[in-house]
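*Asks:* Residue numbers (UniProt numbering), protein chains in the order written: chain R, 1 to 301; chain Z, 1 to 301.
Protein chains: 2
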Amino acid sequence: MDVRALETLRTVRSQGGVGAAAAVLHLTPSAVSQQLAALSREVGVPLTERVGRGLRLTAAGDALADAAVDVAVAVERARAACAAFLERPEGTVRVSAFQSGARLLLPPLLTRVAPLGGITVECSDEDVALDDFPALTDRVDVVVAHRPDGAQWPAAGLRVVPLLREPLDVAVPRDHPLAGRDRVSPGDLDDEDWIAVREGFPVANVLGAVATASGTTPRIVHRINDFSIAEALVAAGHGISLLPRFTGGGHPGVRLLPLAGVRAGRTVDALLRPDTAERLVVRRVLEALVAVAAEAAGRPR
Amino acid sequence: MDVRALETLRTVRSQGGVGAAAAVLHLTPSAVSQQLAALSREVGVPLTERVGRGLRLTAAGDALADAAVDVAVAVERARAACAAFLERPEGTVRVSAFQSGARLLLPPLLTRVAPLGGITVECSDEDVALDDFPALTDRVDVVVAHRPDGAQWPAAGLRVVPLLREPLDVAVPRDHPLAGRDRVSPGDLDDEDWIAVREGFPVANVLGAVATASGTTPRIVHRINDFSIAEALVAAGHGISLLPRFTGGGHPGVRLLPLAGVRAGRTVDALLRPDTAERLVVRRVLEALVAVAAEAAGRPR
DNA sequence: ACATCCATGCAGTGACGCTACATCGTCGGT
DNA sequence: ACCGACGATGTAGCGTCACTGCATGGATGT
Numbered sequence: 001m002d003v004r005a006l007e008t009l010r011t012v013r014s015q016g017g018v019g020a021a022a023a024v025l026h027l028t029p030s031a032v033s034q035q036l037a038a039l040s041r042e043v044g045v046p047l048t049e050r051v052g053r054g055l056r057l058t059a060a061g062d063a064l065a066d067a068a069v070d071v072a073v074a075v076e077r078a079r080a081a082c083a084a085f086l087e088r089p090e091g092t093v094r095v096s097a098f099q100s101g102a103r104l105l106l107p108p109l110l111t112r113v114a115p116l117g118g119i120t121v122e123c124s125d126e127d128v129a130l131d132d133f134p135a136l137t138d139r140v141d142v143v144v145a146h147r148p149d150g151a152q153w154p155a156a157g158l159r160v161v162p163l164l165r166e167p168l169d170v171a172v173p174r175d176h177p178l179a180g181r182d183r184v185s186p187g188d189l190d191d192e193d194w195i196a197v198r199e200g201f202p203v204a205n206v207l208g209a210v211a212t213a214s215g216t217t218p219r220i221v222h223r224i225n226d227f228s229i230a231e232a233l234v235a236a237g238h239g240i241s242l243l244p245r246f247t248g249g250g251h252p253g254v255r256l257l258p259l260a261g262v263r264a265g266r267t268v269d270a271l272l273r274p275d276t277a278e279r280l281v282v283r284r285v286l287e288a289l290v291a292v293a294a295e296a297a298g299r300p301r
Numbered sequence: 001m002d003v004r005a006l007e008t009l010r011t012v013r014s015q016g017g018v019g020a021a022a023a024v025l026h027l028t029p030s031a032v033s034q035q036l037a038a039l040s041r042e043v044g045v046p047l048t049e050r051v052g053r054g055l056r057l058t059a060a061g062d063a064l065a066d067a068a069v070d071v072a073v074a075v076e077r078a079r080a081a082c083a084a085f086l087e088r089p090e091g092t093v094r095v096s097a098f099q100s101g102a103r104l105l106l107p108p109l110l111t112r113v114a115p116l117g118g119i120t121v122e123c124s125d126e127d128v129a130l131d132d133f134p135a136l137t138d139r140v141d142v143v144v145a146h147r148p149d150g151a152q153w154p155a156a157g158l159r160v161v162p163l164l165r166e167p168l169d170v171a172v173p174r175d176h177p178l179a180g181r182d183r184v185s186p187g188d189l190d191d192e193d194w195i196a197v198r199e200g201f202p203v204a205n206v207l208g209a210v211a212t213a214s215g216t217t218p219r220i221v222h223r224i225n226d227f228s229i230a231e232a233l234v235a236a237g238h239g240i241s242l243l244p245r246f247t248g249g250g251h252p253g254v255r256l257l258p259l260a261g262v263r264a265g266r267t268v269d270a271l272l273r274p275d276t277a278e279r280l281v282v283r284r285v286l287e288a289l290v291a292v293a294a295e296a297a298g299r300p301r
């Protein structure tokens, strides 16, 4: 019973297919298929079943994949047990973040980790739909993800470390009629042009929730995922938008107005696979990330 | 990080050397040495250090061996998770027992397991010194071992399942002056010839404890490990002996007399490695063994 | 001082897993 | 309804890696 084969099974489940899993594992689909076949032969139970032109794990396969997580955790714990005897933690950690989170957190993270020495942090920005964040943990060690208030990550085989909660404010141009107010309520926002994010992305339906509070449907004229672009559009008078308080606000032509009457916000979490969460270097980086997030939330601009 | 290499490290620790571990694992010492070298190279820490002409695990090696137990447990749990989807548990389980325990427990164990079908039980008798019982778990799945009152098994990486406690009675020939008594006290036993077990074996020092209760040192004339041989010698008038109540007593020429005033007994346990204890077939056999032991202790002859 | 025991290094060989390619079944498009 | 595309699975060939066998070095006890 090879740990690599178990890992492969786990990846096939999380990626939803042989081909996708092969891409993540840097293998050919054939190799993945052979590993599954060997594993199935060893335990004497079919682990996968064809459905359409893809496949799905059987109940036994699902149980084995669950157990595979524990195996991976135990193996990484073993590695960490030895790494504790090294004078200082060493290695490289891959961190990804959605754009606005990356702008807020990655620079201070790197400056905080640098003096530790020996730890290499590889950053990347990954903007994906809400449902696709967990699967990123197969390619990246620490995934900085965000979710709107109320949404929850699937608990299965995923470690979630909360970083910060960020209110969503209404961003208006400085010459807007509401710009002088110190806060606005949903009713003030009828008959406005909105700049929203793409469907399926984390804070897409927050705007809907705000609008239902005033009984109208918002008029969405643009769909921009990158908040800094949205901010520039707001400043230029092409509409108003919902922007996170700590991340946005850098643009001189934009005013951020707190929303009264509705609770609108998003939570930023770090997502990790349980096994990578056991790695010593990963834990060091994660600690730094938590500290950086606390600073960012406690000292908003 | 291979589970087999971790297993090897664990075995080197429990067997106390490369050669012994190689014998247990059916490998050459060279292969074991190479596995350790590869493992050490992978974690970047020396796992073993030479001491005399043998070797010993370093602190890091010890920590890794501890973690290796958890890995093995997780792997076996994974196997069991799949085995649960098989219609009935299948496989072979190796059981060993010291002689008297084997005579008492193995026959009913086999008859109880047989109707389950698909489970093969391979029995062997293993009479070793008290300290050597735990190491047997590397070669045998379930080790039926015994220990005198007060002794404890080393907790490290060993699962202990108590089976029964058995008082030690004084065995005398039927024509002995004490044969008519319904119990004896230590003072009655001065000036007797004793048949004891070899030094280092489980109940060796019980006789000493009984003797100190009467202030004398026992006169040991024979050292016989097999209780049925000792029983035959007692019947022939060559001395008296301490025999376990449930196991002995089959010989018509011997009377068993309970000891008053001192608590003399032994405990019979099943010893398993934590990982083999997770195997489904092993658990089935173990359940049967516990039931058999309860019957044997509850219905003494 | 020598024989013995134990762990380790090195060359040869066998097995195992991967890549590349071909095949089969299934699903959309015209 | 056919055809093209996609996704998973077998097969041949190859490379790699781990094990065996033997030789070496160090430590022990007679």
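Glycine included, each C-beta is placed from N, C-alpha and C at the ideal position.
If contact means a Cβ-Cβ distance below 8 Å, which residues of the region 226-238 of chain R contact chain Z?
*Replies:* none
*Asks:* Within the 8 Å Cβ cut-off, does R/Asp-269 reach chain Z?
*Replies:* What you label residue 269 of chain R is simply residue 269 of the first sequence in a count that begins at 1. With 8 Å as the cut-off, R/Asp-269 does not count as an interface residue toward chain Z.
*Asks:* Hey, does R/Arg-301 have any beta-carbon neighbour from chain Z nearer than 8 Å?
*Replies:* Numbered from its first residue, the first sequence carries residue 301 of chain R at position 301. Confidence is the limiting factor: at R/Arg-301 the pLDDT is only 44, short of 50, which leaves the residue's position unreliable and the question unanswerable from this model.
*Asks:* Grab me the residues of residue 316 of chain R's own chain with a C-beta within less than 8 Å of its C-beta, minus the 5 sequence neighbours each way, in chain order.
*Replies:* Nothing about residue 316 of chain R can be read from this structure; chain R reaches only from 1 to 301.
*Asks:* What's the gap between the Cα of Z/Ala-83 and the Cα of R/Arg-165?
*Replies:* As a first step, residue 83 of chain Z must be located in the second sequence, where it is residue number 83. As a first step, residue 165 of chain R must be located in the first sequence, where it is residue number 165. Whole-angstrom Cα-Cα distance: 44 Å.
*Asks:* Where are the beta strand (DSSP E) runs, 3 residues long or more, that stay fully inside the region 230-281 of chain Z, in chain order?
*Replies:* 240-244, 254-257 and 265-272
*Asks:* Mind checking if R/Phe-85 is an interface residue toward chain Z, Cβ cutoff 8 Å exclusive?
*Replies:* Numbered from 1 along the first sequence, position 85 holds the residue referred to as residue 85 of chain R. So yes, R/Phe-85 belongs to the interface.
*Asks:* Identify which residue in Z/His-146, Z/Asp-70 and Z/Arg-219 has its Cα closest to the Cα of Z/Ser-100.
*Replies:* Locating residue 100 of chain Z in the second sequence gives position 100, counting from the first residue. The shortest C-alpha separation from Z/Ser-100 is found at Z/His-146.
*Asks:* Does DSSP put R/Pro-148 in a helix, in a strand, or in coil?
*Replies:* Along the first sequence, one-based indexing puts residue 148 of chain R at 148. Reduced to three states, the DSSP call for R/Pro-148 is strand.
*Asks:* Compare the C-beta of R/Ala-38 against all C-beta atoms of chain Z and say whether one is closer than 8 Å.
*Replies:* Position 38 of the first sequence holds residue 38 of chain R. False, the Cβ-Cβ gap to chain Z never drops below 8 Å.
*Asks:* Mind listing which residues of the region 40-53 of chain R have their C-beta closer than 7 Å to chain Z's C-betas, in chain order?
*Replies:* Val-43, Gly-44 and Val-45
*Asks:* Kindly indicate which residue of R/Leu-158, R/Pro-148 and R/Arg-159 has the alpha-carbon position closest to the one of R/Leu-168.
*Replies:* Taking the first sequence and counting its residues from 1, one reaches residue 168 of chain R at position 168. That would be R/Pro-148, whose Cα lies nearest to the Cα of R/Leu-168.
*Asks:* Does any residue of chain R have a CB that is nearer than 8 Å to the CB of Z/Asp-275?
*Replies:* In the second sequence, the residue the question calls residue 275 of chain Z occupies position 275. Closer than 8 Å: no.
*Asks:* By the three-class DSSP mapping on this structure, what secondary structure does R/Val-32 have?
*Replies:* For this step, residue 32 of chain R is matched to residue 32 along the first sequence. Three-state result, R/Val-32: helix.
*Asks:* Any heavy atom of the ligand NAD within a distance shorter than 7 Å of the CB on Z/Pro-173?
*Replies:* With respect to the ligand NAD, the structure shown offers nothing to examine, as it has no ligands at all.
*Asks:* Is any beta-carbon of chain R found at less than 8 Å from that of Z/Cys-82?
*Replies:* Against the second sequence, residue 82 of chain Z aligns to sequence position 82. It does; some Cβ of chain R falls within 8 Å.
*Asks:* Between R/Ala-293 and R/Leu-105, is the Cβ-Cβ spacing less than 8 Å?
*Replies:* Translated into positions along the first sequence, residue 293 of chain R becomes position 293. Translated into positions along the first sequence, residue 105 of chain R becomes position 105. The answer is yes: Cβ separation under 8 Å.
*Asks:* Restricting to Cα atoms, I'd like to know which of Z/Val-285, Z/Glu-192, Z/Ala-297 and Z/Leu-280 is closest to Z/Glu-87.
*Replies:* The sequence position of residue 87 of chain Z within the second sequence is 87, counting from 1. Closest in C-alpha terms to Z/Glu-87, from the list Z/Val-285, Z/Glu-192, Z/Ala-297 and Z/Leu-280, comes Z/Leu-280.
*Asks:* From Z/Arg-181 to Z/Pro-173, what does the alpha carbon distance come to, in whole angstroms?
*Replies:* Taking the second sequence and counting its residues from 1, one reaches residue 181 of chain Z at position 181. Taking the second sequence and counting its residues from 1, one reaches residue 173 of chain Z at position 173. Those two C-alpha atoms are separated by around 12 Å.
*Asks:* When burial is assigned at 16 or more other CB atoms within 10 Å of the CB, is Z/Thr-287 buried or exposed?
*Replies:* Counted from its first residue, the second sequence places residue 287 of chain Z at position 287. Reading off the sequence, residue 287 of chain Z comes out as Glu, not Thr. If you draw a 10 Å sphere on the C-beta of Z/Glu-287, you find fewer than 16 other C-beta atoms in it, and that means exposed.
*Asks:* Could you tell me the alpha carbon to alpha carbon distance between Z/Glu-278 and R/Ala-74, rounded to whole angstroms?
*Replies:* Against the second sequence, residue 278 of chain Z aligns to sequence position 278. Against the first sequence, residue 74 of chain R aligns to sequence position 74. The alpha-carbon atoms of Z/Glu-278 and R/Ala-74 are separated by roughly 15 Å.
*Asks:* Expressed to the nearest angstrom, what Euclidean distance is found between the alpha-carbon atoms of R/Gly-52 and R/Gly-17?
*Replies:* Your numbering for residue 52 of chain R matches position 52 in the first sequence. Your numbering for residue 17 of chain R matches position 17 in the first sequence. Roughly 12 Å separates the two Cα atoms.
*Asks:* Could you pull the DSSP bridge partners for Z/Arg-159 from this structure?
*Replies:* The residue given as residue 159 of chain Z occupies position 159 in the second sequence. According to DSSP, Z/Arg-159 shares a beta bridge with Z/Leu-272.
*Asks:* Using a cut-off of 9 Å between C-beta atoms, extract the partners of Z/Arg-88 located in chain R.
*Replies:* Residue 88 of chain Z sits at position 88 when you count from the first residue of the second sequence. Under the 9 Å cutoff, chain R gives no residues; its nearest Cβ is about 12 Å from Z/Arg-88.
*Asks:* Can you tell which of R/His-251, R/Ile-240, R/Leu-243 and R/Arg-255 has its C-alpha closest to the C-alpha of R/Ala-179?
*Replies:* Indexing the first sequence from 1 puts residue 179 of chain R at position 179. Comparing Cα-Cα distances from R/Ala-179 to each of R/His-251, R/Ile-240, R/Leu-243 and R/Arg-255, the minimum goes to R/Arg-255.
*Asks:* With a threshold of 8 Å between beta carbons, is R/Ala-293 in contact with chain Z?
*Replies:* Residue 293 of chain R sits at position 293 when you count from the first residue of the first sequence. No - not a single Cβ of chain Z is within 8 Å of the one on R/Ala-293.
*Asks:* Within its chain, find whatever has a CB closer than 7 Å to the CB of residue 311 of chain R; leave out the 5 residues flanking it on each side and keep chain order.
*Replies:* Residue 311 of chain R is absent from the model: chain R starts at 1 and stops at 301.
*Asks:* Smallest Cα separation from Z/Leu-289: which of Z/Thr-111, Z/Ala-59 and Z/Gly-150?
*Replies:* Counting from 1 along the second sequence, the entry for residue 289 of chain Z is found at position 289. Here the closest residue by C-alpha is Z/Thr-111.
*Asks:* Can you tell me whether Z/Glu-295 is buried or exposed, with buried defined as 16 or more other CB within 10 angstroms of its CB?
*Replies:* Numbered from 1 along the second sequence, position 295 holds the residue referred to as residue 295 of chain Z. Per the 10 Å Cβ criterion, exposed.
*Asks:* In chain R, what lies closer than 8 Å to Z/Leu-64 by C-beta?
*Replies:* For the purposes of this step, residue 64 of chain Z is taken as residue 64 along the second sequence, with counting starting at 1. The contacting residues are Ala-78, Ala-81 and Cys-82.
*Asks:* Applying the 10 Å Cβ sphere with the 16-neighbour rule, what's the burial state of R/Gln-152?
*Replies:* For the purposes of this step, residue 152 of chain R is identified with residue 152 of the first sequence, where counting begins at 1. The residue is exposed, with fewer than 16 neighbouring Cβ atoms inside 10 Å.
*Asks:* Which residue's Cα is closest to the Cα of R/Trp-194: R/Gly-208, R/Gly-200 and R/Ala-38?
*Replies:* Against the first sequence, residue 194 of chain R aligns to sequence position 194. Considering only alpha carbons, the answer is R/Gly-208.
*Asks:* At what residue ranges does the region 44-92 of chain Z contain a whole run of the beta strand (DSSP E), taking only runs of 3 or more?
*Replies:* 48-51 and 54-57
*Asks:* For R/Leu-6, which residues in chain Z fall below 9 Å Cβ to Cβ?
*Replies:* Reading the first sequence from its first residue, position 6 is the one you call residue 6 of chain R. Here the neighbours are Val-75 and Ala-78.
*Asks:* From Z/Gly-200 to Z/Gln-35, what distance separates their C-alpha atoms?
*Replies:* If you number the second sequence from 1, residue 200 of chain Z lands on position 200. If you number the second sequence from 1, residue 35 of chain Z lands on position 35. Computed Cα separation, rounded: 34 Å.
*Asks:* Using DSSP with H/G/I as helix, E/B as strand and the rest coil, what is Z/Ser-185?
*Replies:* For the purposes of this step, residue 185 of chain Z is taken as residue 185 along the second sequence, with counting starting at 1. Z/Ser-185: coil per DSSP, three-state reduction.
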